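Just so you know, we're using the working numbering here: the sequence shown kicks off at 1 and counts up by one.
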Amino acid sequence: MAFEPRTEPYQRADDVGYAVSEFMWFKGRPFYPVSALVHAKVAHARLSVEKGDEEDEDNLDILFRMPLVAGGHFFEIVLRSNEGTSYGGWVWGEELEILNEFVNGYRVLAGKFDDRLIRFEYSRRFQRYRTIEPLPVEKSVFLIQREAKPYAGGRGLPGNPAP
């Protein structure tokens, strides 16, 4: 997936801006500084199972690769469709892969970390992407200071020996 340093006009639309304001905050507190958004790389994809006009930019989902923290990136997701625009959650990893598999009407995403794929599936209940697997980092308000809370086992995932 190619992430670009510049954005297209449809990626800067007001509806996208409202969804971006959701991920700039976490649990009622600022999460990212504005500079993180300025340095974010942007890509688009069609994550929904619904077929759409590939030329219709207003229905392309937008993914923001935020600056590196704790050995990986938070990939923030903005979902767009004819029904509107919403914040779609986040994925974490060194790289992002879009799998050719659908759950609850959306593609499965995978964050790559230490040569392992961590699956993120769309949750109808939460209306966001979530993972059921343990993560090597937690999204917490303490990341504002750019400190992560790694698992006690080191960089590796629980159940995997650290390299």
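In this text, a Cβ means the ideal position worked out from N, Cα and C, and glycines have one as well.
These numbers come from a predicted model, not from an experiment.
Inset, instruction - Please work out which residues of its chain come closer than 6 Å, Cβ to Cβ, to residue 102, disregarding the five sequence neighbours upstream and downstream, and give them in chain order. - result: 49
Legend entry - The alpha helix (DSSP H) enclosing residue 19, as first and last residue numbers: 14-23
Inset, instruction - Closer than 8 Å by C-beta to residue 115: which residues in its own chain qualify, once you throw out the five before and the five after it? Chain order, please. - result: none
Inset, instruction - Would you mind stating whether residue 63 and residue 117 have Cβ atoms separated by less than 8 Å? - result: no
Legend entry - Per-residue burial, residue 113 [other beta carbons within 10 Å of its own, 16 or more giving buried]: buried
Legend entry - Segment contact, 8 Å Cβ cut-off, at least three pairs: the stretch 83-90 with the stretch 119-132: yes
Inset, instruction - Look at the alpha carbon of residue 152 and the alpha carbon of residue 79, and state the distance between them as a whole number of angstroms. - result: With a pLDDT of 46 at residue 152, under the threshold of 50, the modelled position of this residue cannot be trusted, and the question is left open.
Legend entry - Terminal residues of the alpha helix (DSSP H) in which residue 37 lies: 34-38
Legend entry - Secondary structure of residue 67, DSSP reduced to three states: coil
Inset, instruction - Output yes or no for whether 8 Å exceeds the beta carbon distance between residue 4 and residue 38. - result: Not a contact, by the Cβ cut-off of 8 Å.
Legend entry - Sequence-distant residues of its chain with Cβ nearer than 7 Å to residue 22 (five each side left out): 87
Legend entry - Pair within 8 Å by beta-carbon distance, residue 36 and residue 137: It is not a contact, given that the beta carbons lie outside the stated cut-off.
Inset, instruction - Leaving aside the five residues before and after residue 61 along the sequence, list all residues of the same chain whose C-beta is less than 6 Å from its C-beta, in chain order. - result: 45, 47, 79, 80
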